[in-house]
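To start, the structure itself, in structure tokens.
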Amino acid sequence: MDAGDRERLLHGTHHAPHSVLGAHPVPGGIAFRAFRPYARAVTVVSGGMTVGLHDDGDGFFSGLLPLREVPAYRLRVAYEATEVETEDAYRFLPTLGELDLHLIGEGRHEELWTVLGAHPTAHQGVSGTRFSVWAPNALGVRVAGSFNFWDGTGFPMRSLGSSGVWELFVPGIGEGELYKFEITRPDGSKTLRADPMARRTEVPPATSSIVTSSRYEWGDAQWLERRAEVPAHRAPLSVYEVHLPSWRPGLTYRQLAEQLPAYVADLGFTHVELMPVAEHPFGGSWGYQVTGFYAPTARLGTPDDFRYLVDALHRAGIGVIMDWVPAHFPRDEWALAEFDGRPLYEHSDPLRAAHPDWGTLEFDFGRREVRNFLVANALYWCEEFHIDGLRVDAVASILYLDYSREPGQWTPNEHGGRENLDAVAFLQEMNATVYRRVPGVVTIAEESTAWDGVTRATHHRGPSGFGGLGFGLKWNMGWMHDSLEYMSHEPVHRRYHHGEMTFSMVYAYSENYVLPISHDEVVHGKRSLVSKMPGDWWRRRADLRAYLGFMWAHPGKQLLFMGQEFAQGAEWSEAHGPDWWLLDPHYGAEADHRGVRDLVRDLNTVYRASPALWQYDTEPAGFRWVTGDAADDNVLAFLRYDADGSPLLAVSHFAPVVRHDYRIGVPDDVPAWHEALNTDAARYGGSDVTSPDTVKPEPQGWHGMPASIRLTLPPLATVWLRPA
């Protein structure tokens, strides 16, 4: 062997080990070369022939056999205490084809997870695992793992041209093996890295990747066929947000599958939203600092166990939305940060790379391979795990170059603006690709600014000159902040803040909205939802019930975080999850908490049965104020309409008094109204000021309507009325 080749193989810097190792025709026959550190002897076995190779030192063995062509052969390797017979990894052709490499180079491989990473497979008739990794700056890459005692010296990978991809087929190993990539950086130093495309990982704090493949057989074909029938913004969408590790602490994916679908179905929610399930090293990040973008967290089981949970939810009629975090990643030295010795997944400009809020690194959305990594990742969760929706985290931090940055800490774009043009292109590509490939999936933006066109189609330009971002829905952070601010005031002061409850309708149709009461609102000193309300325990619960009734009637979809459905008084903690003991029949105030949960169930039941509350969520024709200016009475009343014009009347009263004979304007084409829901009902813990009888309109016009009805408004309550 050439001295240079020998030196590069020893130091892990050889880009083409297959060109020198294995069997090669040379003048005089076939040269066999093997690199087996720690071996005492290596023998070529072919048919009935066995030929010992010469020990060239440093783990190298070679021999020249007088053959005309390369035969089928194996290697018999003798170590100090054992002898193994194996295929030679360096006799195999590359496992990636030209089309795959072309698409990777172009940043357009939509099934990237099928070609990069570790895949058990049969190659040239031999079982093994093919490894491949993108590391364009590396001087060399080797595979280290449990199968070679974490010494990658004898397992150098080959570089596949300008693609930056390194590849090696290792025969004889399969599922369950642990592995990492040993990368020689441009400065000659070495780093051991988890696979960015790993589809399974060890349980943190261990950090190895695991060779895996799925054998799961899905049972949700009927669900998948049906979910694309109606777009999400025209369908009922009521979401229960869940942090899986703490919903019932200690349960695995499969144990959760026995409890979560039944619980969510009983309460009538249409979907669950799972806080990030992709692998993350620090549990206290709740999953928002991801290192394994293609691996469900191993804390709760295997990838197939997670598939089982999604399948169980689908079979219970519940959609699954997953928090997806393409904004940033942590700096852990075994993960993505300076993966191959230089900035790769992160931006090369340190000011652009460093996320100012979270001590993490932002992705370089301008690099096509990085965009490909993320777009394919969105598809991966939808296609491989049948996820029905992606709630995209921290979109504002992606969109703005000056996000949380002071002057001088950011550079304007080519037009002198603050918009991250690369990020805009990435989000448009991600949304367009997901909607093209996966019918029925919805993408949801957690975007906290007034960016124009978050839920506008990507090919429709708005006044800003940008095409829409292409999301299906957007979290309405403005509604959430304003309405919670209003509710936090004593009722006597609410008249001065009335506009906080009506302002959302000024912009309600600028985007397709979700009304989120998420984990972010009930942690870290923000208090739980019921604890945000003023007054004594009775008034807090009444306010909470009235607020939920207002929320479920307001245009937009609903999202409620776990624990809030039964008025948990304490903030959520990921260490112990919801306070389920509040629902223990032996607890004195159990009825108070059960009453709120019963209301949430009834809100969802009536909501799903009332197209007026969801069919025209995104169109002005679906809403009409009856009175939005009754500030002195703390009253809000509005009509919701379905596609056929059938109405639902919602009246919210945020004062702790009973108002008798309160006149409300109504259309004159409804002969009678009846209560569909009253948050003051005794079974919810209210004072039971209800109206079981139908209410007939009077010909007296009111609130700009041709007729009116007289109602008794319960204290701190929301009442829904439908045509009798």
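Position in the sequence shown (first residue = 1) + 873 = this note's numbering. All C-beta atoms in this analysis are idealised placements derived from N, C-alpha and C, irrespective of residue type, glycine included. Nothing here was measured: the structure is a model prediction, and the numbers come from that model.
* To which residues of the same chain is R1278 closer than 6 Å at the C-beta, ignoring the five residues directly before and after it? -> Counting only Cβ-Cβ distances below 6 Å, and skipping sequence neighbours, we find P1229.
* To do: Below 6 Å CB to CB, which residues in the same chain sit around V1115 once its five sequence neighbours on both sides are set aside?
  => Counting only Cβ-Cβ distances below 6 Å, and skipping sequence neighbours, we find V1145, L1147 and M1435.
* To do: Provide the residue span of the beta strand (DSSP E) that contains I1582, from first to last.
  => From DSSP, the beta strand (DSSP E) with I1582 extends over A1580 to L1586.
* Tell me where the alpha helix (DSSP H) around V1050 begins and ends. => Reading off the sequence shown, one finds Glu at residue 1050, where the question assumed Val. No alpha helix (DSSP H) contains E1050, which DSSP labels as neither H nor E.
* Opposite P835 in the DSSP bridges: which residues? -> This structure leaves residue 835 out entirely; the chain is present only between 874 and 1597.
* Asked: Looking at the unbroken beta strand (DSSP E) that takes in P898, where does it start and where does it end?
  -> Secondary structure note for P898: its beta strand (DSSP E) is the uninterrupted segment G895 to V899.
* Candidates E1256, G1343 and E1211, of which the one nearest F1202 by Cα -> F1202 has its Cα closest to that of E1211, out of E1256, G1343 and E1211.
* Asked: Are the beta-carbon atoms belonging to A1419 and T1552 less than 8 Å from one another?
  -> The answer is yes: Cβ separation under 8 Å.
* Who are the Cβ neighbours of L1182 in its own chain at under 6 Å, not counting the five residues just before and after it? -> Cβ-Cβ distances below 6 Å link L1182 to Y1126, L1129 and A1130 in the same chain, with the five nearest sequence neighbours on each side left out; the list follows chain order.
* Considering W1411, what are the terminal residues of the alpha helix (DSSP H) in which it resides? -> Boundaries of the alpha helix (DSSP H) harbouring W1411: W1410 to A1426, taken from the DSSP string.
* Got a sec, what are the start and stop residues for the beta strand (DSSP E) M1195 sits in? -> First-last of the beta strand (DSSP E) with M1195: G1192 to W1197.
* Where the alpha helix (DSSP H) through E956 begins and ends -> From DSSP, E956 is part of no alpha helix (DSSP H) but of the beta strand (DSSP E) over E956 to T959.
* To do: Closer than 6 Å by C-beta to V1311: which residues in its own chain qualify, once you throw out the five before and the five after it? Chain order, please.
  => Answer for V1311: C1255, listed in chain order.
* Segment contact, 8 Å Cβ cut-off, at least three pairs: the region 1581 to 1593 with the region 1409 to 1425 -> The region 1581 to 1593 vs the region 1409 to 1425: in contact.
* For the 8 Å Cβ check, are there 3 or more pairs between the region 1457 to 1465 and the region 1070 to 1088? -> Touching, no.
* Close-in-space but distant-in-sequence residues of the same chain around T994 (CB under 6 Å, 5 per side omitted) -> Counting only Cβ-Cβ distances below 6 Å, and skipping sequence neighbours, we find R1003.
* Around the Cβ of H1533, are there at least 16 other Cβ atoms within 10 angstroms (buried) or fewer (exposed)? -> Looking at its Cβ environment, which holds fewer than 16 other Cβ atoms inside 10 Å, H1533 is exposed.
* Asked: Which same chain residues, not among the five before or five after Q997, have their C-beta less than 8 Å away from its C-beta?
  -> Cβ neighbours of Q997 beyond the five flanking positions: F965 and L966.
* Asked: Within 10 angstroms of its Cβ, does W1454 collect 16 or more other Cβ (buried), or is it exposed?
  -> Taking every protein chain shown into account, the CB of W1454 has fewer than 16 other CB atoms within 10 angstroms, so this residue is exposed.
* Asked: Below 8 Å between beta carbons: does that hold for G980 and R1241?
  -> Yes, they are a contact pair.
* Asked: In the DSSP assignment, what residue or residues form a beta bridge with G1018?
  -> Partner(s): Y1052.
* To do: With a threshold of 16 other CB atoms inside 10 Å of the CB of R1072, please say whether the residue is buried or exposed.
  => Classification for R1072: buried.
* To do: Determine the contact status of G1468 and Y1380, defining contact as a CB-CB distance below 8 Å.
  => Contact: no.
* Asked: From the DSSP output, which residues share a beta bridge with K1347?
  -> Beta-bridge analysis with DSSP links K1347 to A1318 and Y1386.
* To do: Assign Q1282 to one of two classes, buried (16 or more other C-beta atoms within 10 Å of its C-beta) or exposed (fewer than that).
  => The Cβ neighbour count for Q1282, taken over all protein chains shown within 10 Å, is under 16; the residue is labelled exposed.
* For L1456, which three-state DSSP category applies? -> Under the three-state reduction of DSSP output, L1456 falls in the helix class.
* Boundaries (first-last residue) of the alpha helix (DSSP H) holding Y1136 -> Annotation for Y1136: the continuous alpha helix (DSSP H) segment containing it runs Y1126 to L1140.
* To do: Report, in whole angstroms, the separation of the C-beta atoms of A1443 and L1417, which I expect to be a contact under 8 Å.
  => With a Cβ gap of about 14 Å, A1443 and L1417 do not count as contacting.
* Report, in whole angstroms, the separation of the C-beta atoms of I1191 and T1143, which I expect to be a contact under 8 Å. => With 8 Å as the limit, I1191 and T1143 qualify as a contact, their Cβ atoms being about 7 Å apart.
* Exposure label - P1199; buried when at least 16 CB within 10 Å -> By the 10 Å Cβ count, P1199 comes out buried.
* Endpoints, beta strand (DSSP E) assigned at H996 -> First-last of the beta strand (DSSP E) with H996: G990 to H996.
* **Pair within 8 Å by beta-carbon distance, L926 and V918** => Between L926 and V918, the CB-CB gap reaches or exceeds 8 Å.
* Using beta-carbon positions only, say whether V1403 and W1348 come within less than 8 Å of one another. => Annotated as distal: V1403 and W1348, with beta-carbon spacing of 8 Å or more.
* Asked: According to the neighbour-count rule (16 or more other Cβ atoms, all chains shown, within 10 Å of its Cβ), is E1566 buried or exposed?
  -> According to the sequence provided, residue 1566 is Asp. The question's Glu does not apply to it. It is exposed - the Cβ of D1566 has fewer than 16 other Cβ atoms within 10 Å.
* **Residue span of the alpha helix (DSSP H) that contains G1468, given as start and end** => Start and end: E1463 to R1481.
* DSSP state of W1091, grouped into three classes? -> W1091: coil per DSSP, three-state reduction.
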